[in-house]
Amino acid sequence: MNEPITRRAVLRRWLERCGVRPSRRLGQNFLVDEGWAERIVAAAEPGPDDLVLEVGPGLGALTERLVRRAGRVVAVEVDRRLADALRQRLGPLANLELVVADVLRVDLARLVAAPEGGAAGGEPGAGRPRDRVKLVSNLPYAITSPFLVRWLTTPLRWERAVLTLQEEVVERLLAPPGTAAYGALTVFVAYHARVERLGTVPAGAFWPRPAVDSAVVRLWPHPRPPVTVADPAALFALVRAAFGRRRKRLANALAAHPAVGRQEAEAACRAAGIDPGARPEDVDLEGFARLANHLFPSPAGPGSGRGTSLGYN
Numbered sequence: 001m002n003e004p005i006t007r008r009a010v011l012r013r014w015l016e017r018c019g020v021r022p023s024r025r026l027g028q029n030f031l032v033d034e035g036w037a038e039r040i041v042a043a044a045e046p047g048p049d050d051l052v053l054e055v056g057p058g059l060g061a062l063t064e065r066l067v068r069r070a071g072r073v074v075a076v077e078v079d080r081r082l083a084d085a086l087r088q089r090l091g092p093l094a095n096l097e098l099v100v101a102d103v104l105r106v107d108l109a110r111l112v113a114a115p116e117g118g119a120a121g122g123e124p125g126a127g128r129p130r131d132r133v134k135l136v137s138n139l140p141y142a143i144t145s146p147f148l149v150r151w152l153t154t155p156l157r158w159e160r161a162v163l164t165l166q167e168e169v170v171e172r173l174l175a176p177p178g179t180a181a182y183g184a185l186t187v188f189v190a191y192h193a194r195v196e197r198l199g200t201v202p203a204g205a206f207w208p209r210p211a212v213d214s215a216v217v218r219l220w221p222h223p224r225p226p227v228t229v230a231d232p233a234a235l236f237a238l239v240r241a242a243f244g245r246r247r248k249r250l251a252n253a254l255a256a257h258p259a260v261g262r263q264e265a266e267a268a269c270r271a272a273g274i275d276p277g278a279r280p281e282d283v284d285l286e287g288f289a290r291l292a293n294h295l296f297p298s299p300a301g302p303g304s305g306r307g308t309s310l311g312y313n
């Protein structure tokens with residue numbers, strides 16, 4: 001195996017050799033801390049029966065550790081230059097599949113399918129689905145929310161996810177109701193998974209040095225959602241609408257949803273045992289579930305108009 005890419009001198013030498021300058025737009029801050037690279041991989045506990053999906057491998061600080069322990073590693077890199085450099089560094093490895101693609105656009109379930117007859121050369125695999133799927137990523141900030149939404153709503157079964165995120169994002173994931181950091185993303189993730197914070201990674205552990213610290217979290221999927229709702233999509237649309245006007249009274253914020261009127265919102269709050277004058281940030285997941293079940297007591301069909309364009313903030 002090559003010299004560890006967590007050494008700054010080694011990293012810079014490889015980047016210069018391949019003519020790569022770190023892209024701020026793509027969030028290319030490379031991990032150069034040996035201890036944290038080991039801790040992140042150890043938190044995933046990759047084993048010979050596991051398939052590990054790595055998003056944004058860069059030059060392989062985590063990849064070179066994962067391939068030693070996991071049965072199969074599928075690494076998705078959007079930057080072809082880095083993908084080519086990683087191939088040169090690690091060479092041909094039977095248990096590594098390097099896919100050059102935007103992870104927000106690929107079919108995740110197909111990507112981690114066990115190959116039948118083999119898949120290689122940078123194209124997503126195809127075959128039967130794997131059960132022991134794990135996710136490991138130093139996730140670029142720009143794609144954090146959309147990727148989490150895609151990952152948590154994918155039909156594939158996964159066992160755990162170990163993610164390095166900006167510390168501000170981790171605070172949002174773990175924020176309790178009634179705090180400024182609590183928002184739609186908090187509620188969405190809480191519905192799908194339990195979040196465990198593993199520690200703060202200082203900005204100096206990356207090169208180029210980012211402006212803020214990061215934190216590592218481990219996500220465990222719920223075997224079943226912690227609340228029961230008739231229409232999960234309606235729940236999330238309602239949450240996004242509410243936090244789109246988080247400074248408004250709850251009833252007024254809920255009325256931002258295209259299928260909810262002011263009077264309906266007031267009535268739903270009372271039926272759910274929630275003060276209509278509260279703020280959206282005061283409502284926990286269970287409270288939003290009660291609201292959704294009152295407003296949307298049955299699953300919606302196509303074209304119901306329940307969706308909104310508001311994102312997870």
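For the sequence shown, UniProt numbering begins at 1 and goes up steadily by one. C-beta atoms are modelled at their ideal positions from N, C-alpha and C, and glycine is treated no differently.
Residue i, buried or exposed, once every other Cβ within 10 Å from all chains shown has been counted against 16
i	result
A215	buried
E54	buried
Q88	exposed
H222	exposed
R172	buried
D275	exposed
R65	buried
A9	exposed
A211	exposed
V74	buried
A42	exposed
A251	buried
D102	exposed
D231	buried
T6	buried
Q28	buried
Counterpart residues of residue i in DSSP-defined beta bridges
i	result
W220	R194
N252	The partner list for N252 (beta bridge, DSSP) is empty, contrary to what the question assumes.
R215	The question names Arg, but residue 215 in the sequence shown is Ala. In the DSSP output, where bridge partners are listed per residue, A215 has L165, T200.
R160	K134
E54	A75, V136
W207	F30
L98	A75
Check whether residue i and residue j have beta carbons under 8 Å apart
i	j	result
L219	F288	no
V229	V187	no
L51	R72	yes
L15	D79	no
F243	A184	yes
L90	V99	no
L93	V67	yes
A241	A256	yes
V170	Y312	no
Short CB-CB distance (under 8 Å) between residue i and chain C
i	result
E16	This model lacks chain C altogether; it includes just one protein chain.
Any contact of the stretch 189-197 with the stretch 246-260, i.e. 3+ C-beta pairs under 8 Å? Three or more Cβ pairs closer than 8 Å define a contact, and the stretch 189-197 falls short of that threshold against the stretch 246-260.
Whether or not the stretch 160-171 and the stretch 133-147 are in contact is what I'm after, with contact meaning three or more pairs of Cβ atoms, one per stretch, closer than 8 Å; do they touch? Counting C-beta pairs closer than 8 Å gives three or more between the stretch 133-147 and the stretch 160-171, which meets the contact rule.
At least 3 beta-carbon pairs within less than 8 Å: the stretch 267-275 vs the stretch 201-214: No, the stretch 267-275 is not in contact with the stretch 201-214.
Check whether the stretch 31-39 touches the stretch 54-74, counting contact only when three or more Cβ pairs, one atom from each stretch, lie closer than 8 Å. Taking 8 Å as the limit for Cβ pairs, the verdict is that the stretch 54-74 does touch the stretch 31-39.
Does the contact criterion of 3 or more C-beta pairs under 8 Å hold for the stretch 168-179 versus the stretch 278-293? Segment contact: the stretch 168-179 against the stretch 278-293, three or more CB-CB distances shorter than 8 Å; contact assigned.
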